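No gaps in the numbering here: position 306 of the sequence shown is 306 in UniProt numbering, and each next residue is one more.
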Amino acid sequence: MSAINDYDSPALASSAASATAAEQTVPIILTTSLDRYAIPSGPYMVPVSWRRTHLSTLVNKLVSSTFDVATGGAVPFDFIIDSSLLRTTLGEYLEAGGLTSESTLTIEYVRSTLPPTRLAAFEHDDWVASVDCSFTQAKVYMTSSYDGSVRLFSPSNPTEAMYTLSTINKATVQGGRNTSLTSAKWTPNGEGLVTGGMDGKVQLWNVSQSDHVWKSNRKWQGEAHNAPISAVDTAQGPQGVSVISGGWDAIVAVWDDLGSSSSHVESESDNDDDEDETSAKRRKTANGSSSKPSTSRSKSGHIDPTMTLYHAAPTAHTVTGAKNVFTPTSRVTALLFERTFTDSSAKDTNRAWSVGYNGLLKGWDLGSGGITHTSLSLPSSTAESRPMLSLAQLSRATLVTGTMDRTIHLFDTRSSGTLGVSIANAHRG
Numbered sequence: 001m002s003a004i005n006d007y008d009s010p011a012l013a014s015s016a017a018s019a020t021a022a023e024q025t026v027p028i029i030l031t032t033s034l035d036r037y038a039i040p041s042g043p044y045m046v047p048v049s050w051r052r053t054h055l056s057t058l059v060n061k062l063v064s065s066t067f068d069v070a071t072g073g074a075v076p077f078d079f080i081i082d083s084s085l086l087r088t089t090l091g092e093y094l095e096a097g098g099l100t101s102e103s104t105l106t107i108e109y110v111r112s113t114l115p116p117t118r119l120a121a122f123e124h125d126d127w128v129a130s131v132d133c134s135f136t137q138a139k140v141y142m143t144s145s146y147d148g149s150v151r152l153f154s155p156s157n158p159t160e161a162m163y164t165l166s167t168i169n170k171a172t173v174q175g176g177r178n179t180s181l182t183s184a185k186w187t188p189n190g191e192g193l194v195t196g197g198m199d200g201k202v203q204l205w206n207v208s209q210s211d212h213v214w215k216s217n218r219k220w221q222g223e224a225h226n227a228p229i230s231a232v233d234t235a236q237g238p239q240g241v242s243v244i245s246g247g248w249d250a251i252v253a254v255w256d257d258l259g260s261s262s263s264h265v266e267s268e269s270d271n272d273d274d275e276d277e278t279s280a281k282r283r284k285t286a287n288g289s290s291s292k293p294s295t296s297r298s299k300s301g302h303i304d305p306t307m308t309l310y311h312a313a314p315t316a317h318t319v320t321g322a323k324n325v326f327t328p329t330s331r332v333t334a335l336l337f338e339r340t341f342t343d344s345s346a347k348d349t350n351r352a353w354s355v356g357y358n359g360l361l362k363g364w365d366l367g368s369g370g371i372t373h374t375s376l377s378l379p380s381s382t383a384e385s386r387p388m389l390s391l392a393q394l395s396r397a398t399l400v401t402g403t404m405d406r407t408i409h410l411f412d413t414r415s416s417g418t419l420g421v422s423i424a425n426a427h428r429g
């Protein structure tokens, strides 16, 4: 057993007695799953006054001596004892657990994740609604704001927008519509972006750069929502870009863009009956009939959604009888096309997920007309009082949601019986 009396270097065996006399020690066994930083597991005798920083220095010294090479600088480590991060001295941990210094502690070490450092800031004219960094090829990130504008930034100059796209036009102003944006996403190829706003409109914009000059124009707009849009997502399909949008009215709308000009679309529409069905998998309607992407586009650039789905059951107004009135629990808060994990950005245009204020996670089979293939709720009968606010895909069969009660939930989508694993107090704000 090695005695350590100076955290800058392992002590010699002969110093064990003096270390014990000077300060109380505790035996520890160090383990890791990181092959690059593996060391002899021990046990080692270390002072009970040691904290994470002392243990981290010890591991770095042992790594250097074990491999007889420089590690390229000290690597910070975190230490886990009995599934908990060590945030106190070893002595305080022993006291809290009712243990003595004669107890051998098995400690796992992992690379420490340092807190992010703020590099710069850009103040928008109004609330920032969304940020998208998915266009990695050009190293450009995008924001959408309640001032009705989309801004493009370069990491090399984050204090100034390299391009500003205003979605406000004369017609919207004269119509008295709310021009605030709520969401924006790059298309997978980076040649366009999709916006959703408080006016319920979904718009696809062509965006290009030539000689360091950015240009944009609106390709089409669609209106399927009678309430503000909460979120949009995009995916590359066999025939073009697919867009999915969710709103406060419980509607999940799917839009298919053929990636062609209007005239080109019209010239091809006459030959749809002769198209090879195997060249691109068409969506199916709920009754099983073939559903083609919308190719009709008015002179003003309006298109219709390929399909309209409901995350929550449509509600009628009790007085007027108006259909699809949004309620406090009808709001869709987040959605996404399912990632295939065949590469870093591939998504399946026929599978999507949505969450909302009704506390439900729904999976959609868009290739079969929007059939709900999965519907999972929070592990409680109070799901509607804990709206799901955010959604992300962790792996092929694992989704993560964040709820209004400061809890994170993990869902295994392979089993309909899996309700979720809650991580309480993940955020304490």
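Ideal Cβ placement from N, Cα and C applies to all residues, glycine included. Given the structure is predicted, the values throughout are model-derived calculations rather than measurements.
How many angstroms separate the CA atom of residue i from the CA atom of residue j?
i, j, result
"A96", "V75", "29 Å"
"K362", "Y109", "38 Å"
"G148", "I168", "6 Å"
"H225", "R218", "19 Å"
"G367", "M388", "26 Å"
"S183", "S377", "25 Å"
"V332", "S230", "6 Å"
"W255", "P305", "5 Å"
"G222", "H302", "6 Å"
"H54", "V26", "14 Å"
"E160", "P238", "37 Å"
"K347", "H212", "30 Å"
"W205", "A38", "51 Å"
"R36", "D126", "47 Å"
"F341", "S390", "20 Å"
"S112", "F77", "4 Å"
"Y357", "L335", "13 Å"
"L99", "E23", "17 Å"
"F79", "L34", "13 Å"
"S330", "S49", "55 Å"
"M404", "G359", "10 Å"
"V128", "D257", "27 Å"
"R87", "T57", "16 Å"
If you drop the 5 nearest sequence neighbours on each side, which residues of the same chain put their C-beta closer than 8 Å to that of residue i?
i, result
"W364", "V252, L309, R351, A352, W353, S354, G370, I371, T372, H373"
"T398", "L410, F411, D412, T413"
"A313", "A250"
By DSSP, does residue i sit in helix, in strand, or in coil?
i, result
"residue 476", "Since the first residue of the chain shown is 1 and the last is 429, residue 476 is not available in this structure."
"H409", "strand"
"H302", "strand"
"S415", "coil"
"A48", "Sequence check: residue 48 is Val here, not Ala. DSSP places V48 in coil when its eight states are reduced to three."
"D257", "strand"
"K139", "coil"
"E338", "strand"
"E102", "coil"
"E23", "coil"
"N60", "helix"
"residue 435", "This structure cannot speak to residue 435, because the chain is shown only from 1 to 429."
"G197", "strand"
"G367", "helix"
"T308", "strand"
"L181", "strand"
"S144", "strand"
"L90", "helix"
"L119", "coil"
"L114", "coil"
State the start and end residues of the unbroken alpha helix (DSSP H) segment that holds residue i.
i, result
"V173", "170 to 174"
"A352", "Segment 347 to 356 is the beta strand (DSSP E) holding A352; no alpha helix (DSSP H) there."
Apart from the five residues on each side of it in sequence, which residues of its chain come closer than 6 Å, Cβ to Cβ, to residue i?
i, result
"H124", "S145"
"V207", "G192, L193, S216"
"Q393", "R339, L399"
"R177", "D199"
"M162", "L152, S154"
"I29", "S41, G42, P43, T106"
"F133", "One detail in the question is off: residue 133 reads as Cys in this sequence, not Phe. Excluding positions up to five away in sequence, the list reads Y141."
"P158", "A120"
Hey, quick one: how far does the beta strand (DSSP E) through residue i stretch, first residue to last?
i, result
"A392", "388 to 395"
"H373", "371 to 377"
"R36", "Where R36 is concerned, there is no enclosing beta strand (DSSP E), given that its DSSP letter is neither H nor E."
"T167", "Taken as a continuous stretch (DSSP letters only), T167 belongs to no beta strand (DSSP E), as it is neither H nor E."
"V75", "Unbroken run through V75: none, as it is neither H nor E."
Give every residue of the same chain whose Cβ lies closer than 7 Å to the Cβ of residue i, excluding the five residues on either side of it in the sequence, and list them in chain order.
i, result
"S263", "Its pLDDT being 34, under 50, S263 is placed unreliably by the model, and the measurement read from it follows with that caveat. None."
Exercise. Do the stretch 178 to 195 and the stretch 217 to 237 touch if we need at least three Cβ pairs shorter than 8 Å?
Worked result: yes
Exercise. So, do the stretch 41 to 51 and the stretch 112 to 127 have three or more beta carbon pairs nearer to each other than 8 Å?
Worked result: no
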